[in-house]
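The next block holds one structure in the form of structure tokens; read it before the comments.
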Amino acid sequence: MRFRRKLKRHLKLFLGMLSLLLIIIVNKNTETVKAAPEPFMEDEKIIITIESKAASSNIRYRTIGYTISTEKAPEAAYAKGRTGPIAPPSPNRKKYFLEFEKEELHRDEEKVITQYTLSEDRVKDTMKSIIELDRISEDTILYFNVIFQTYKIVNDKEVILTPEITTWEGIVNDQAWANIDVFKEYFNIEVPFKAGLQPNKLYYEVDGKITNSYTLDSLKIGENLYWDKRVKPTADINGMPCTLNGFYVKSKLTGQEIDRKMVDGNIKASDIINGSVKVLYGGLDVYMIYKPSNVKVTIDARDIDTDKDIKKGIYTGTIEPGEVFEQPIDKVITANGDTYSKTKHFYYYLKSNPAVMRVDKTENDDDPIKFTAFSNINPGDEIIVKAYFKKLSSDVIPVTVKAVNKDTEANLKTLTTGTVASGETYNYTVSEDPLSSGGKSYDFSGEWSWQYKKNTSTEPIITASGSGENISFKAPSSDDIKDGITVNVYYRLSDILSDEISLRVI
Numbered sequence: 000m001r002f003r004r005k006l007k008r009h010l011k012l013f014l015g016m017l018s019l020l021l022i023i024i025v026n027k028n029t030e031t032v033k034a035a036p037e038p039f040m041e042d043e044k045i046i047i048t049i050e051s052k053a054a055s056s057n058i059r060y061r062t063i064g065y066t067i068s069t070e071k072a073p074e075a076a077y078a079k080g081r082t083g084p085i086a087p088p089s090p091n092r093k094k095y096f097l098e099f100e101k102e103e104l105h106r107d108e109e110k111v112i113t114q115y116t117l118s119e120d121r122v123k124d125t126m127k128s129i130i131e132l133d134r135i136s137e138d139t140i141l142y143f144n145v146i147f148q149t150y151k152i153v154n155d156k157e158v159i160l161t162p163e164i165t166t167w168e169g170i171v172n173d174q175a176w177a178n179i180d181v182f183k184e185y186f187n188i189e190v191p192f193k194a195g196l197q198p199n200k201l202y203y204e205v206d207g208k209i210t211n212s213y214t215l216d217s218l219k220i221g222e223n224l225y226w227d228k229r230v231k232p233t234a235d236i237n238g239m240p241c242t243l244n245g246f247y248v249k250s251k252l253t254g255q256e257i258d259r260k261m262v263d264g265n266i267k268a269s270d271i272i273n274g275s276v277k278v279l280y281g282g283l284d285v286y287m288i289y290k291p292s293n294v295k296v297t298i299d300a301r302d303i304d305t306d307k308d309i310k311k312g313i314y315t316g317t318i319e320p321g322e323v324f325e326q327p328i329d330k331v332i333t334a335n336g337d338t339y340s341k342t343k344h345f346y347y348y349l350k351s352n353p354a355v356m357r358v359d360k361t362e363n364d365d366d367p368i369k370f371t372a373f374s375n376i377n378p379g380d381e382i383i384v385k386a387y388f389k390k391l392s393s394d395v396i397p398v399t400v401k402a403v404n405k406d407t408e409a410n411l412k413t414l415t416t417g418t419v420a421s422g423e424t425y426n427y428t429v430s431e432d433p434l435s436s437g438g439k440s441y442d443f444s445g446e447w448s449w450q451y452k453k454n455t456s457t458e459p460i461i462t463a464s465g466s467g468e469n470i471s472f473k474a475p476s477s478d479d480i481k482d483g484i485t486v487n488v489y490y491r492l493s494d495i496l497s498d499e500i501s502l503r504v505i
């Protein structure tokens, strides 16, 4: 009996020592798992604080970074009799601590506390790679999944076992851990996305070049950005009068254009001025498109011999600053009972400053007036052109050929101007092509007439008519004519084409 009791006592001691040895062996091969770090966002930065404690010489793991996504990993993985997340879900972005700013907050014999900060720019770069910007809101949740590394200490030196583990299944199966349940804490870590206020800027653009910039309100994601206080229908940009012509908006983060509208029949400048757009993560750049405003151009006829005006306003129109102006004018005019013929010479200047003058000429006397308008013109200013004409001899008669609506007698357009000497034959051939006027098409009726005022006290109108495309008549003496000869070429509206259908509501 005494032997049996002694044997039982030795057996209990042996079993106790064996259990202690097994615990030591397990602890030699695995490290007790600590609670996972909790990342958070502040001032558009991601901040992670990690506490490292001194450990015995055994197999260990550490966090070397995170994968970041906007989707939660489903609980569908299986390892060592446990279920866990299939992480990381796609799309995701790996961020290693090497990319973070590192700051040691505390150190003593037992622990070291280190804070890692991912900068605002790196956060933005991450976000645009894992989610479309228009899907980001104040309610967006980010999901962090740890990137592990396992290692062991041999003779006070680290030996890397597995350089990088990104999945729950991978870390669970990597070593004979004492407690595998805690690894779930390292996956699907929810971090509310706190973007804060987004910067926005307004630019003026003229001819594809940025000229002015203004800071707009900084707003939260999804709020409406307005610019009506900074935009007007007209603007003086670098001394140039300009008119609002449209706008477009780009994401600051991606540079992608997200909206564009131009002034047309359906959209007015006031619609653009009072418009708005929803703010995206990263902020917006708004570009207002301006075009140089049209400037009035007036052409006066000037006597080349006396250098005096003989007829003002023979043409009025508009031109954009800096653009090429080209305009045909009458080759022959009458003024004060005299007949003048256009020459190649002309000059132009600003009405507000005649000293700003350019002298020019065309290649031939009959060529259109052509020049490049001044670039810097103040609002309301005007370009004055003086076209030189030469007085013709008294026996030369001016001739003006006009297109006239046969049914309404309305003038459609001037076809040509010219001269004919007293007693000489004037000839002109009517084009067979349809005539376009006022957005309508006209056909030659085959009829024409010519007329003039007789140079007497009663000024009766003398008229003659003809037909056919070849106009020809003998001019009377210049002494019998006052102001010149007018030729009327008669047109009618074109007939409806045979394949067109005319509908009438009854």
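Numbering (numbering that gives the first Met the number 0), first residue to last: 0 to 505. Note that beta-carbon positions come from the ideal geometry of N, C-alpha and C, so glycine has one too.
Legend entry - Cutoff 9 Å: residue 185 Cβ touching any chain B Cβ: Annotation note: the requested chain B is absent from the structure, which comprises a single protein chain.
Inset, instruction - Could you pull the start and end residues of the beta strand (DSSP E) that residue 122 belongs to? - result: Where residue 122 is concerned, there is no enclosing beta strand (DSSP E), although the alpha helix (DSSP H) it sits in stretches over 119–129.
Inset, instruction - For residue 224, name the three-state secondary structure that DSSP assigns. - result: strand
Inset, instruction - Examine the Cβ distances between the stretch 157–170 and the stretch 110–117 and report whether three or more of them are shorter than 8 Å. - result: no
Legend entry - Beta-carbon proximity check, residue 84 vs residue 186, cutoff 9 Å: Yes, Cβ-Cβ distance for residue 84 and residue 186 is below 9 Å.
Inset, instruction - Could you give the DSSP three-state label for residue 449: helix, strand or coil? - result: strand
Inset, instruction - Could you name the residues of the same chain whose beta carbon sits closer than 8 Å to that of residue 278, not counting the 5 residues immediately before and after it, in chain order? - result: The beta carbon of residue 278 sits closer than 8 Å to the beta carbons of 197, 199, 218, 219, 220, 221, 222, 223, 224 from its chain, once the five residues preceding and following it are set aside; these are given in chain order.
Legend entry - Nearest residue (CA-CA) to residue 395, options 189, 109, 384, 333: 333
Legend entry - Outcome for residue 94 when other beta-carbon atoms lying within 10 angstroms are tallied against a minimum of 16: buried
Inset, instruction - Taking 9 Å as the cut-off, decide whether the C-beta atoms of residue 386 and residue 313 are in contact. - result: Residue 386 is a Cβ neighbour of residue 313, given a cutoff of 9 Å.
Inset, instruction - State the Cα-Cα distance for the pair residue 57 and residue 149, rounded to the nearest angstrom. - result: 11 Å
Legend entry - Buried versus exposed, by CB contacts within 10 Å (16 or more), residue 341: buried
Inset, instruction - Jot down the residue ranges of each uninterrupted beta strand (DSSP E) in the stretch 219–273, minimum 3 residues, whole runs only, in chain order. - result: 223–225, 233–236, 239–250, 256–261
Legend entry - Other residues of its chain near residue 141: CB distance less than 7 Å, five sequence neighbours each side excluded: Excluding sequence neighbours, residue 141 sits near 67, 69, 190, 192.
Inset, instruction - Could you check if residue 492 is buried or exposed, using at least 16 other CB atoms within 10 Å of its CB as the buried criterion? - result: exposed
Inset, instruction - Assign residue 393 to one of two classes, buried (16 or more other C-beta atoms within 10 Å of its C-beta) or exposed (fewer than that). - result: exposed
Inset, instruction - Give a yes or no on whether the C-beta atoms belonging to residue 170 and residue 60 are separated by under 9 Å. - result: yes
Legend entry - Counted within 10 angstroms of its Cβ, other Cβ atoms place residue 300 as buried (16 or more) or exposed: buried
Legend entry - Rounded separation between residue 215 and residue 235 - CA only: A straight-line Cα-Cα distance of about 20 Å links residue 215 and residue 235.
Legend entry - Segment contact flag, the stretch 404–422 with the stretch 456–469, C-beta cutoff 8 Å, min 3 pairs: Short answer: they don't touch.
Inset, instruction - Assuming residue 87 contacts residue 188 (C-beta within less than 8 Å), just tell me the rounded distance between them. - result: Incorrect: roughly 11 Å between the Cβ atoms, too far for contact.
Legend entry - Minimum C-alpha distance to residue 167 - residue among 152, 153, 145: 145
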